[in-house]
Structure formats: C-alpha cells, structure tokens
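J.:
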Amino acid sequence: MTTILFWIALGSALGYLPLTSRPAGSLRTVLKTASVVLLAVIAVLHGGPWLLVLALALCASGDAMLSRETDATFMAGIAAFAAGHLAYIALFLSHPTSSVALIWNAPAIVWSLIILGIIMATLLAPRAGDLKGPVLAYIPIILGMGITVLALPDAGPLQWALPAAMAFIASDLILATEKFLLPPNHSALKVTPYLVWPLYWGAQFGFVLAFA
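Each step along the sequence shown adds one to the number in the numbering used here, with nothing skipped, and position 120 is 154.
1) Excluding five sequence neighbours on each side, which residues of the same chain lie with their C-beta closer than 6 Å to the C-beta of S205?
2) When you compare the CB positions of S67 and D97, do they come within less than 7 Å of one another, or not?
3) Round the Cβ separation of R102 and A58 to the nearest angstrom and send it over; I've been treating them as touching at under 8 Å.
4) Can you tell me which of the three DSSP states M99 falls into?
5) Considering Cα atoms alone, identify which of T37, L72 and L100 is closest to S60.
6) Return the Cβ separation of A198 and A244 in integer angstroms, given the expectation that the two are a contact with Cβ distance under 8 Å.
7) Contact between the segment 84 to 92 and the segment 39 to 53 is defined here as three or more beta-carbon pairs at a separation below 8 Å; is this criterion met?
8) Figure out for me which residue from T63, L79, A94 and V64 has the closest Cα to the Cα of I38.
9) Classify D188 as helix, strand or coil using the three-state DSSP reduction.
10) Report the CB separation of A124 from L92 in whole angstroms; it is logged as a contact under 8 Å.
11) Do L216 and A210 count as a contact pair if the criterion is CB distance below 7 Å?
12) For A89, collect the residues of the same chain with a Cβ closer than 8 Å to its Cβ; drop the 5 residues on either side in sequence, then sort them by chain order.
13) My understanding is that P174 touches M109, with C-beta atoms under 8 Å, so please give their C-beta distance in whole angstroms.
14) Would you give the residue range spanned by the alpha helix (DSSP H) that M179 belongs to?
15) DSSP state of M35, grouped into three classes?
16) Give me the residue from I76, E212 and A47 with the minimum Cα distance to L65.
17) Could you round the C-beta distance between A201 and G163 to whole angstroms and report it? I think they count as a contact, below 8 Å.
Put into structure tokens, the structure is as follows:
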C-alpha cells in the first residue's frame with residue numbers, strides 16, 4: 035500500500051515540476067499539495083511520529099496556499115510553513131536519541147547558518163514591503179530547524195535528516211531570492227522554479243525516510 039502511495043506522491047511531484055513557472059491554477063494546487071499530503075499518509079501508515087505527520091500536514095497546507103500566488107495566500111503560506119518548521123524542531127529535539135550537546139559537534143554549520151540568517155535578513159528587510167514582518171520572523175525559524183537537526187546522531191535512517199534539512203533551507207533561500215531579490219526579467223528566473231521544487235519535495239521525502 036505505502037509503495038503505491040509513494041509512486042503516486044512521486045508522480046504528483048513530477049507532474050507539478052513543469053507547472054512550477056505556470057500561472058496559478060487548480061491542477062497546480064492539487065498536484066503540489068497531494069505530493070506532500072501523501073507523504074504524510076505514508077508516515078501515518080508506517081507508524082511515524084505524530085510530530086512528523088503534523089509537520090508534513092502543515093507544509094502541505096502551506097503548499098496549497100503558496101500555489102495561489104497572492105500576497106494574502108503567501109502570508110498564510112509562510113505562517114503554515116513556520117508552524118511546520120516548529121513541528122520539525124520539536125520532532126528533532128524530542129527524539130529518543132537527540133542530544134543538544136551534539137549540535138556543537140558541527141560549529142561550522144551552526145555559524146554558517148547564523149551568518150546566512152543575518153545576510154538574508156539584511157537583504158530582505160528593505161525589499162519585502164508589506165511582507166517584511168512575516169519574512170523576517172520566518173528566517174530564524176527555518177534556520178533554527180537547520181541547527182536543531184544537528185542534535186540527532188548521524189546514524190541509521192536518521193542520516194537522512196541533515197541533508198533533508200539543508201535541502202529545505204536551500205529551497206527557501208532560492209525562493210526568497212526569486213521573490214524579493216531578483217528583478218522581474220532576470221534570466222535566473224527561468225531556472226529557479228525548477229530548483230526550488232526538487233529541493234523542497236526531496237527534503238520532505240528525506241524526513242519521511244529518516245523518521246518513518
């Protein structure tokens with residue numbers, strides 16, 4: 035059953051990929067949302083932690099909102115993803131093998147994420163307009179997710195957690211650059227949508243592999 039659901043989820047994700055740069059529409063919303071909702075269902079069927087299921091469900095709702103591409107739905111989507119990241123943080127820190135002391139075994143990653151957060155906040159603050167508050171509040175939350183994942187041991191299925199978290203951060207970094215930093219006709223905008231989606235969906239699948 036879960037194998038079938040995985041292939042449907044993957045098919046939905048691949049079906050959404052060529053639509054990432056298209057105008058908002060019902061098909062885009064269905065494919066984008068279904069590809070993550072099905073991962074949440076797989077996590078349930080595999081007996082995954084409820085925090086994993088909650089995080090996936092919140093992110094799926096964020097996907098549905100962001101697919102509509104208005105400022106109102108963008109703000110709602112940010113809120114949903116922020117809540118999803120908080121659920122992931124809780125998942126990482128509450129895992130039986132988690133230890134906060136492990137975080138400082140990778141100081142280069144910790145400080146790199148902190149510096150990245152400062153740079154992105156500095157760049158985005160004057161360019162985010164009415165979305166400045168939500169965008170700036172989102173930055174420490176997602177970077178906190180990237181830091182707290184280091185509390186998990188790099189062993190067994192949990193070895194997927196760190197690359198998944200880094201892929202998630204990369205997808206959001208590219209998305210923020212695309213939306214706020216690049217001019218409307220920049221040539222990179224032809225490529226960025228096709229980077230964001232594989233990184234993001236791959237991150238969610240990585241978390242399912244790690245915890246379910």
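The C-beta atom is built at its ideal place from N, Cα and C for all residues, glycine as well.
T.: With the structure as the only source:
1) Sequence index remark: in the sequence shown, residue 205 carries index 171 (1-based). Within the same chain, S205 has close Cβ partners V230, L233 and Y234.
2) The residue you call residue 67 lines up with position 33 of the sequence shown. The residue you call residue 97 lines up with position 63 of the sequence shown. Note on residue identity: the sequence assigns Thr, not Ser, to residue 67. In contact: T67 and D97 (Cβ atoms closer than 7 Å).
3) Mapped onto the sequence shown, residue 102 falls at position 68. Mapped onto the sequence shown, residue 58 falls at position 24. Right, their Cβ atoms sit about 5 Å apart.
4) Residue 99 sits at position 65 when you count from the first residue of the sequence shown. Helix.
5) Counting from one through the sequence shown, the residue named residue 60 turns up at place 26. With distances taken between Cα atoms, S60 lies closest to L100.
6) Here residue 198 corresponds to residue number 164 of the sequence shown, with the count starting at 1. Here residue 244 corresponds to residue number 210 of the sequence shown, with the count starting at 1. Going by Cβ atoms, the distance from A198 to A244 rounds to 6 Å, so yes, they are a contact pair.
7) no
8) Residue 38 sits at position 4 when you count from the first residue of the sequence shown. The shortest Cα separation from I38 among T63, L79, A94 and V64 belongs to L79.
9) In the sequence shown, residue 188 corresponds to position 154, counting from 1. Coil, per DSSP.
10) On the sequence shown, position 90 is the one that residue 124 refers to. On the sequence shown, position 58 is the one that residue 92 refers to. Actually they do not touch by this definition, with Cβ atoms about 12 Å apart.
11) Against the sequence shown, residue 210 aligns to sequence position 176. Against the sequence shown, residue 216 aligns to sequence position 182. No, the Cβ-Cβ distance between A210 and L216 is not below 7 Å.
12) In the sequence shown, the residue the question calls residue 89 occupies position 55. Sequence-distant partners of A89 (beyond 5 residues in either direction) whose C-beta falls short of 8 Å from its own C-beta, in its chain, are G118, H119, A121, Y122, L125 and F241.
13) Indexing the sequence shown from 1 puts residue 174 at position 140. Indexing the sequence shown from 1 puts residue 109 at position 75. Actually they are not in contact, since the Cβ atoms of P174 and M109 sit about 17 Å apart, beyond 8 Å.
14) Indexing the sequence shown from 1 puts residue 179 at position 145. Taken as a continuous stretch (DSSP letters only), the alpha helix (DSSP H) holding M179 covers K166 to T182.
15) Translated into positions along the sequence shown, residue 35 becomes position 1. In this structure, M35 counts as coil in the three-state DSSP scheme.
16) Numbered from 1 along the sequence shown, position 31 holds the residue referred to as residue 65. The option with the nearest alpha carbon to L65 is A47.
17) Counted from its first residue, the sequence shown places residue 201 at position 167. Counted from its first residue, the sequence shown places residue 163 at position 129. So it is not a contact: roughly 28 Å between Cβ atoms.
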